[in-house]
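Structure, as structure tokens:
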């Protein structure tokens with residue numbers, strides 16, 4: 045039981061490049077979330093999903109897209125990376141809206 | 827809107843010292859409140875929670891009491907250890923009106939415990 049895993053762990057991009065971050069969970073959770081963590085800012089919600097095939101915007105969605113084609117996977121895409129997207133990205137999942145969220149280990153992204 | 831304010835760090839303590847990390851919130855009604863901990867190089871883990879006024883959450887020697895009258899959820903531990911060195915996040919979740927479980931986090935407080 046791996047819990048929540050994130051791929052890759054680290055990535056460096058140049059401005060304008062695109063990439064996809066993968067979050068996978070093996071707990072059969074319905075809800076999945078993408079957060080970004082910036083120094084002095086805590087965690088802020090980017091997008092979330094309440095089940096397979098659904099996505100919704102969080103607090104800071106601009107510049108990101110997401111997809112939840114399979115229940116166990118939640119993908120976060122950056123179509124044209126900007127230096128402002130340099131951050132640590134965390135994925136989380138939970139069985140329902142009212143249960144504990146389980147977090148992945150994070151992806152450190154640097155955009156030059 | 828809903829928000830969380832927690833004490834700025836970093837906080838440096840000696841082993842066995844008493845710890846308090848202040849957290850206050852702004853929300854209408856009664857949100858659920860949480861403390862998460864992030865150890866170096868890891869993701870966040872739930873430390874404790876409280877879902878209604880006067881509830882006390884506790885885990886691993888840490889405690890926090892949901893105080894409605896002061897809109898606070900301060901984290902305390904009587905005797906910290908080096909292994910408690912981490913970043914601590916206070917968070918709230920609004921559990922009404924079609925909430926999707928979204929957490930609102932404070933900025934985090936980094937704790938360093940020296941032997």
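Chains as they are written, first to last, in our numbering: chain A, 45 to 156; chain B, 827 to 941. No residue lacks a Cβ here, since even glycine has one placed at the ideal position from N, Cα and C. Since this is a predicted model, take the numbers as computed values, not measurements.
Which class does residue 131 (chain A) belong to by DSSP, given the choice of helix, strand or coil?
-> strand
If we call anything under 8 Å between Cβ atoms a contact, is residue 908 (chain B) one with residue 845 (chain B)?
-> no
If we count the other Cβ atoms within 10 Å of its Cβ and call it buried at 16 or more, is residue 54 (chain A) buried or exposed?
-> exposed
Expressed to the nearest angstrom, what Euclidean distance is found between the alpha-carbon atoms of residue 87 (chain A) and residue 872 (chain B)?
-> 14 Å
Rounded C-alpha distance that separates residue 78 (chain A) from residue 136 (chain A) | 7 Å
Taking just the CA atoms, how far does residue 143 (chain A) sit from residue 922 (chain B)?
-> 14 Å
Sequence-distant residues of the same chain with beta carbon closer than 6 Å to residue 903 (chain B), five excluded per side = 845, 887 and 888
How about residue 887 (chain B): is its C-beta nearer than 8 Å to some C-beta of chain A?
-> no
List the endpoints of the continuous beta strand (DSSP E) containing residue 919 (chain B).
-> 912 to 919
Local Cβ density within 10 Å of residue 76 (chain A), reported as buried at 16 or more and exposed below that | buried
Taking 8 Å as the cut-off, decide whether the C-beta atoms of residue 153 (chain A) and residue 129 (chain A) are in contact.
-> yes
In the DSSP assignment, what residue or residues form a beta bridge with residue 61 (chain A)?
-> In the DSSP output, where bridge partners are listed per residue, residue 61 (chain A) has none listed.
Outcome for residue 113 (chain A) when other beta-carbon atoms lying within 10 angstroms are tallied against a minimum of 16 | exposed
Anything in chain A within Cβ reach of residue 932 (chain B), meaning under 9 Å, just list it in chain order.
-> 86
Buried/exposed call for residue 58 (chain A), threshold 16 Cβ in 10 Å = exposed
Is DSSP giving residue 909 (chain B) helix, strand or coil here?
-> helix
Chain A residues whose Cβ lies nearer than 9 Å to that of residue 927 (chain B) = 75, 77, 92, 94, 138, 140, 141, 142, 143 and 145
Would residue 176 (chain A) be called buried (16 or more neighbouring beta carbons within 10 Å of its own) or exposed?
-> Lying before the first or after the last residue shown, residue 176 (chain A) is absent from chain A, which here runs from 45 to 156.
Cβ of residue 879 (chain B) within 8 Å of Cβ of residue 892 (chain B)?
-> yes
Pick from B:932, B:897 and B:938: whose alpha carbon is nearest that of residue 831 (chain B)?
-> B:932
Does DSSP put residue 145 (chain A) in a helix, in a strand, or in coil?
-> coil
Secondary structure at residue 774 (chain B), three-state DSSP: helix, strand or coil?
-> This structure cannot settle anything about residue 774 (chain B), because the visible part of chain B is limited to 827 through 941.
Mind listing the chain A neighbours of residue 869 (chain B)? Cutoff is C-beta to C-beta under 7 Å, in chain order.
-> 134, 147, 148, 149 and 150
Any chance the CB of residue 841 (chain B) is under 7 Å from a heavy atom of the ligand FAD?
-> With respect to the ligand FAD, the structure shown offers nothing to examine, as it has no ligands at all.
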